[in-house]
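Data block below; observations after.
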Amino acid sequence: METETISMQRALAAVIAGNDLSREDARSVMSIIMKGEATGPQIGAIVTALRMKGETKEEITGFAEVMRTHSNRVETLQEGLLDTCGTGGSGIHKFNISTASAMIASAAGVRVAKHGNRAMSGKAGSADVLEALGVQINLSADQAAKCLEEIGICFMFAQLYHPSLKHAAAARKELGFRTIFNMLGPLTNPAGADRQLLGLYDMARTATVAQVLGELGLKRAMVVSSFDGLDEISISAPTQISELEGGVVRTYAITPEELGLPRHELSEIVGGEADVNASIIRRIFNGEERGAYRDIVLANAGACMFMGGAADSLRTGVEAAKSIIDSGKAAAKLQQLIEMTGELAYVSG
76 METETISMQR
86 ALAAVIAGND
96 LSREDARSVM
106 SIIMKGEATG
116 PQIGAIVTAL
126 RMKGETKEEI
136 TGFAEVMRTH
146 SNRVETLQEG
156 LLDTCGTGGS
166 GIHKFNISTA
176 SAMIASAAGV
186 RVAKHGNRAM
196 SGKAGSADVL
206 EALGVQINLS
216 ADQAAKCLEE
226 IGICFMFAQL
236 YHPSLKHAAA
246 ARKELGFRTI
256 FNMLGPLTNP
266 AGADRQLLGL
276 YDMARTATVA
286 QVLGELGLKR
296 AMVVSSFDGL
306 DEISISAPTQ
316 ISELEGGVVR
326 TYAITPEELG
336 LPRHELSEIV
346 GGEADVNASI
356 IRRIFNGEER
366 GAYRDIVLAN
376 AGACMFMGGA
386 ADSLRTGVEA
396 AKSIIDSGKA
406 AAKLQQLIEM
416 TGELAYVSG
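So for the sequence shown, this note's numbering puts the first residue at 76; every next one is plus one.
Next up, the structure:
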């Protein structure tokens, strides 16, 4: 135990001095945290020092690799499996865009293993809004795998799949600002998804996080961060995208117009509590919403379709997403998810 404490202290001293940790050192630090062998002050100090220095690809990858080994796994075919988990932290109280996008992609035939949590920065996280929509979110790994196998989509409630994070919970709460832990959730899909649309709060880090996804074995991914501060593809400003394919990361910007969508004010996509956001998603899926709410979902669902292989470009993905909504398939997929999770929860009860 003493050797591990010294190891933590040495790592902290190195980072405070402005030095980067190797991937192996980062793994050692995260192992100590995940085993409950680091004190609250040590955890707070190391993540603060990393934040101030700027986390490197090797540090983020090392932390994520260890967190993955400590998570509960969903056993399923990983090929062609998409996640839409983002970091949050944009500070803009929008509705649950990536959750709606995930269901549209699933309705188009993309296998989706959605990973998410309760609200961290907004008023309603993916777990909150799915619960408000009537989805049972507390599925075990076996139940999630069955849900994915039966209907092509499942939701994995992060709190149930990363029990070792409890050791860092108090330190994270007391700090109250974004740390490396905000990036780790989207990097640790319990089903091992090999494709991802990941929204990031920090434009300066999109390429680094895309490289980390490559190191973690993903085949295709987009890390997106908009010029107006969203961790989504925006319809109010250009969006920076770092796209991973074949181990290579390419960074570029795309505008709403290039997606075939009109611009809207950022204020037009504001959400609220879980029941408000659930109502927005239902209106979009039922064809009752034709404005900014629908358009930003189309932008992000289009990217999901592209990453999942259901479209050959972002723009054709947007067009495909329109068809999925207008045909009623998105609403049907949501109803299917509600019924399937209800059945699985009832059987376990």
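Think of the CB as a built atom: it goes at the ideal place given N, C-alpha and C, for glycine as much as any other residue. These figures come from a predicted structure and were not determined experimentally.
Item                                                                                                                         : Value
Three-state secondary structure (DSSP) of Ser301                                                                             : strand
Residue environment, Lys408, which counts as buried when at least 16 other CB atoms sit within 10 Å                          : buried
Delimiting residues of the alpha helix (DSSP H) encompassing Glu249                                                          : Lys241 to Leu250
Alpha-carbon to alpha-carbon, Ala405 and Arg357                                                                              : 10 Å
Length of the line joining the Cα atoms of Gln218 and Ser398                                                                 : 30 Å
Close Cβ partners of Ile91 (< 6 Å) along its chain, the five nearest in sequence each way excluded                           : Ala124
Start-to-end residues for the alpha helix (DSSP H) that takes in Ile308                                                      : Segment: none, Ile308 is in no alpha helix (DSSP H) and carries neither H nor E.
Val149 vs Pro265 beta-carbon contact at 7 Å                                                                                  : yes
Beta-carbon contacts of Gly335 that lie in its chain and below 8 Å, excluding the five residues immediately before and after : Arg390, Val393 and Glu394
Among Gln410, Ala376, Ser300 and Gln286, nearest to Ile135 - alpha-carbon criterion                                          : Gln286
Which of helix, strand or coil DSSP assigns to Ile212                                                                        : coil
Residues that Val422 bridges to, as DSSP identifies them                                                                     : BP columns for Val422 are empty, so no partner.
Sequence-distant residues of the same chain with beta carbon closer than 6 Å to Ser343, five excluded per side               : Checking the sequence, you will find Glu at residue 343 rather than Ser. For Glu343, where only same-chain residues beyond five positions count, the Cβ hits under 6 Å are Ala367.
Alpha-carbon to alpha-carbon, Ala243 and Ile118                                                                              : 7 Å
Distance, Ala88 Cα to Cys160 Cα                                                                                              : 33 Å
Contact under 7 Å by Cβ, Ser201 with Thr162                                                                                  : no
Met142 vs Ile107 beta-carbon contact at 7 Å                                                                                  : no
Buried or exposed by the 16-neighbour rule on C-beta atoms within 10 Å, applied to Pro337                                    : exposed
Distance, Ser300 Cα to Gly346 Cα                                                                                             : 19 Å
Residues sharing a beta bridge with Lys190, DSSP                                                                             : It is His, not Lys, that sits at residue 190 in the sequence shown. Its beta-bridge partners are Met231.
Same chain, Cβ closer than 8 Å to Gln315, neighbours up to 5 away in sequence not counted                                    : Met278, Thr281, Val299, Ser300, Ser301, Phe302, Thr326, Tyr327 and Ala328
First through last residue of the beta strand (DSSP E) which encompasses Val323                                              : Val323 to Ile329
As assigned by DSSP and simplified to three states, the class of Ser173                                                      : helix
Exposed unless 16 or more other CB atoms sit within 10 angstroms - verdict on Asp401                                         : exposed
Selected residue, minimal CA-CA separation from Met231, among Lys248, Ala245, Arg193 and Glu340                              : Arg193
Close Cβ partners of Met105 (< 7 Å) along its chain, the five nearest in sequence each way excluded                          : Gly137, Phe138, Val141 and Met142
Minimum C-alpha distance to Asn147 - residue among Leu240, Ala245 and Asp387                                                 : Leu240
Beta-carbon proximity list for Asn361, same chain, < 8 Å, skipping 5 on both sides                                           : Ala406
Range covered by the beta strand (DSSP E) that runs through Gln271                                                           : Arg270 to Gly274
Terminal residues of the alpha helix (DSSP H) in which Asp350 lies                                                           : Ala349 to Phe360
Residue-level contact to chain B via CB, Lys189, 7 Å cutoff                                                                  : Of the chains in the structure shown, none is chain B; there is only one protein chain.
Whether Arg98 touches Glu133 by CB criterion (7 Å)                                                                           : yes
Local conformation of Glu112 per DSSP, three classes                                                                         : coil
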